[in-house]
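Below is one structure, written out as structure tokens, with a few remarks after it.
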Amino acid sequence: MSDFPLSAGGARRPLSGPRRALTAGALGVLGVVTALAATLPANAAASTLGAAAAQSGRYFGTAIAAGHLNDSTYVATWDREFNSVTAENEMKWGPIEPSRNSFNWSQADQIVNHAVGQGMKVRGHTLVWHAQLPSWINSGMSASDLRSAMTNHITQVMNHYKGKVFAWDVVNEAFNDGGAVGTLRDSIFTQKLGNGFIEEAFRAARAADPNVKLCYNDYNIDDANANKTRGVYNMVKDFKARGVPIDCVGLQSHFGNPPSNYQQNIAQFAALGVDVQITELDVGGSGSTQADAYRRVTQACMAVSRCTGITVWGITDKYSWRSGDTPLLFDGNYNKKQAYNSVLDALNAATPNTSPSPSATPTRSPSASPSASPSASPTRSPLPGGCSATIKTINSWGGGFQSEVTVQAGSSAVNGWTVKWTWPGGQSISSLWNGRQSVSGSSVTVTNESYNGSIAAGGSTTFGFTANGTAATPTATCTSP
Ligand code: 9MR
0 MSDFPLSAGG ARRPLSGPRR ALTAGALGVL GVVTALAATL PANAAASTLG
50 AAAAQSGRYF GTAIAAGHLN DSTYVATWDR EFNSVTAENE MKWGPIEPSR
100 NSFNWSQADQ IVNHAVGQGM KVRGHTLVWH AQLPSWINSG MSASDLRSAM
150 TNHITQVMNH YKGKVFAWDV VNEAFNDGGA VGTLRDSIFT QKLGNGFIEE
200 AFRAARAADP NVKLCYNDYN IDDANANKTR GVYNMVKDFK ARGVPIDCVG
250 LQSHFGNPPS NYQQNIAQFA ALGVDVQITE LDVGGSGSTQ ADAYRRVTQA
300 CMAVSRCTGI TVWGITDKYS WRSGDTPLLF DGNYNKKQAY NSVLDALNAA
350 TPNTSPSPSA TPTRSPSASP SASPSASPTR SPLPGGCSAT IKTINSWGGG
400 FQSEVTVQAG SSAVNGWTVK WTWPGGQSIS SLWNGRQSVS GSSVTVTNES
450 YNGSIAAGGS TTFGFTANGT AATPTATCTS P
């Protein structure tokens, strides 16, 4: 799913008739949605997806492609059913900044202006992604040039949509599908800027707009225990612990079948103090199997108060990027599918007002979100026997590397451990998981987390990190109290 053809959704038709349809319907839908939410008894059934979601303070959105805006049924269905939108391609770096510092807003503006006129929310998608990049971003650029291009892109695009977009996918799909926990996908960003590019992008985004939610968005992070999910989880946890601005995680959710622990996964991200949004939902299949999968996804979101909204990746099967899978809620003739009804029912069944986020005005989540780190200190009691630690490089790239450190107990069990080493050549850790670090000059000290301090005699545990600099495997010492 990483190498998408640039053209699949890009066969944009000329806009002839749509603008009239856009402005004609532009009055008062926010009023309708708001009125529905405000006046319906708590558990009355709303008859559209957006209105049903609004009852619990959430939104229900769709991806929209500007190239289909001349299809009046497409626009009418969008207006009737949805109260949020994501531009399917039009805000991506290539389409919106085709030449350096020269922006082509027109197609994205069509979508945004229509949505704002209808009182819909707008999700911004996406600022930094390895795909659909303009050709002027290329391997000939120096790191500092790429960094300034990235910062300028983030700043200009966010400024243009300030007050209209409520959440941005600041970085999209940066993690690897396979491999060890925390491995990033090789891209021009990792090659030139190292793994710290994600943090840099989020910091630039916060500087550009302090009042918008900043999301990390990815696919295959739906299974609570998958390596890729753990990597993103650890990053979010680390960001929250270090004060790197992040407000939300987007689970794209391009499914065959949602994992059975999907709700647990949403809950574990929410527990880190971020909102969760289902951002690109589509589920291949048909009939009751598909309807059941959609129901489970919707119920999972409704069950977690910080799951603030769902976006499906298109309205009708005929325009889906994976139309052969018939993955959406409306068939090719805009008939409601069984899946539509199961989603509507699940939205209507949600407990009202469970979400902390208001549904209309864009606001940022409270910045004083609970810290990700467990607050309880590890229980430690002196034990005989020692421990040892070994650092292994498991991945490296220009300017950075990833390591795994194995902490091994000796002949006695260990209850709490401290690992120390000294960098030989100016290396610096950019992200560390399954341990707590403190750094003094070139000296690094890592102690266990509350959950991995106890190691049985002869047993072991690991922690990992990514670092800037040349890969190194210094000798590490391990002590246990
Ligand atoms: O649906 C989009 C399709 O029209 C484009 O051709 C494709 C280009 O890479 O991107 C699709 O949207 C993707 C989204 O931006 C990121 N997550 C995966 C989506 C489906 O491919």
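Heads up, the sequence shown is in numbering that gives the first Met the number 0, so the first residue is 0 and it goes up one at a time.
No residue lacks a Cβ here, since even glycine has one placed at the ideal position from N, Cα and C.
This one's a predicted model, so the numbers in the text were calculated from it and none came from an experiment.
For residue i and residue j, I'd like the C-alpha separation in whole angstroms.
i: ALA302; j: THR421; result: 46 Å
i: TRP312; j: VAL282; result: 10 Å
i: SER287; j: ARG294; result: 10 Å
i: SER252; j: PHE201; result: 22 Å
i: GLN190; j: ARG99; result: 20 Å
i: TRP416; j: THR446; result: 6 Å
i: PRO94; j: ASP144; result: 20 Å
i: LYS236; j: GLY308; result: 22 Å
i: ILE63; j: THR474; result: 54 Å
i: VAL296; j: THR278; result: 12 Å
i: ALA130; j: ASN219; result: 17 Å
i: ALA51; j: THR389; result: 54 Å
i: THR469; j: THR461; result: 21 Å
i: LEU431; j: THR310; result: 32 Å
i: GLN407; j: ARG435; result: 17 Å
i: VAL84; j: GLU199; result: 27 Å
i: VAL170; j: ASP246; result: 12 Å
i: VAL32; j: SER479; result: Confidence at VAL32 is low in this model, with a pLDDT of 39, below 50, so its placement is unreliable and the value that follows should be read with caution. Roughly 60 Å separates the two Cα atoms.
i: ALA299; j: ASN194; result: 32 Å
i: SER380; j: GLY178; result: Interpretation of SER380 is limited by its pLDDT of 34, a score under 50 that renders its predicted location unreliable; no figure is taken from the coordinates.
i: GLU403; j: ASN394; result: 9 Å
i: ASN226; j: SER71; result: 43 Å
i: PHE188; j: ASP344; result: 43 Å
i: CYS477; j: ALA266; result: 34 Å
i: SER427; j: ILE153; result: 26 Å
i: THR465; j: GLN401; result: 4 Å
i: SER319; j: SER429; result: 38 Å
i: ILE197; j: VAL156; result: 17 Å
i: ASP168; j: ALA86; result: 12 Å
i: SER96; j: PRO133; result: Going by the sequence as given, residue 96 is Glu instead of Ser. Answer to the nearest angstrom: the Cα atoms are 7 Å apart.
i: LEU192; j: ALA142; result: 6 Å
i: PHE238; j: GLY272; result: 11 Å
i: PRO244; j: ASP222; result: 24 Å
i: TYR333; j: ALA173; result: 34 Å
i: TYR339; j: PHE268; result: 27 Å
i: CYS306; j: LEU280; result: 14 Å
If you compare alpha carbons, which of the options is closest to residue i?
i: ASN256; options: ALA240, LYS239, VAL180 and ALA290; result: ALA290
i: SER411; options: SER387, GLY457 and GLN426; result: GLY457
i: ALA119; options: ILE136, SER429 and ARG79; result: A quick correction: the sequence has Met, not Ala, at residue 119. Nearest C-alpha to MET119: ARG79.
i: VAL127; options: SER141, ALA148 and ASP108; result: ALA148
i: SER101; options: TRP135, LYS391, ALA466 and THR72; result: TRP135
i: ALA270; options: VAL243, ALA179, THR476 and TYR232; result: TYR232
i: HIS67; options: GLN109, TRP104 and GLY178; result: GLN109
i: SER442; options: PRO423, SER453 and ALA455; result: PRO423
i: ARG122; options: GLU96, ALA142 and GLU89; result: GLU89
i: ASN210; options: ALA166, VAL248 and ASN224; result: ALA166
i: ASP324; options: GLY139, SER46 and GLY284; result: GLY284
i: LEU484; options: ASP176, GLY425, THR350 and GLN276; result: No statement about residue 484 is possible, as the shown extent of the chain runs from 0 to 480 and does not include it.
i: ARG146; options: ALA204, GLN106, CYS386 and SER453; result: ALA204
i: ARG57; options: LEU346, LYS419 and LYS391; result: LEU346
In terms of residues, what are the limits of the beta strand (DSSP E) holding residue i?
i: LYS212; result: 212-217
i: LYS419; result: 417-421
i: PHE165; result: Careful: PHE165 lies outside any beta strand (DSSP E) and carries neither H nor E.
i: THR478; result: 476-478
i: ARG435; result: 435-439
i: SER105; result: That residue, SER105, is in no beta strand (DSSP E); its alpha helix (DSSP H) goes 105-116.
i: ALA75; result: Not the beta strand (DSSP E): ALA75 falls in the alpha helix (DSSP H), residues 71-80.
i: ARG57; result: Where ARG57 is concerned, there is no enclosing beta strand (DSSP E), given that its DSSP letter is neither H nor E.
i: ILE528; result: Only positions 0 to 480 of the chain appear in this structure, which leaves residue 528 out of reach.
i: GLY139; result: Element bounds for GLY139: n/a, residue is neither H nor E.
i: GLN407; result: 399-408
i: VAL180; result: No beta strand (DSSP E) holds VAL180; DSSP gives it neither H nor E.
i: ASN467; result: 459-467
i: GLY123; result: 120-128
State the start and end residues of the unbroken alpha helix (DSSP H) segment that holds residue i.
i: GLY49; result: 48-53
i: PHE196; result: 196-207
i: GLN155; result: 142-159
i: LEU192; result: 187-192
i: VAL235; result: 226-241
i: TRP92; result: 92-95
Hey, is residue i close to the ligand COA, as in C-beta under 7 Å from one of its heavy atoms?
i: HIS124; result: This structure simply doesn't include the ligand COA; it includes the ligand 9MR instead.
- 3 or more residues per run - each beta strand (DSSP E) lying fully within the region 255-342: 274-282 and 306-311
- Spell out a yes or no on whether the region 178-189 and the region 212-220 are touching, meaning 3 or more CB-CB pairs, one atom from each, closer than 8 Å. no
- Message: I'd like to know if the region 326-345 and the region 258-269 are in contact, where contact means that at least 3 CB-CB pairs between them fall below 8 Å.
- Response: no
- Query: Quick check: the region 160-176 against the region 62-77, are there 3 or more CB pairs under 8 Å?
  - Reply: no
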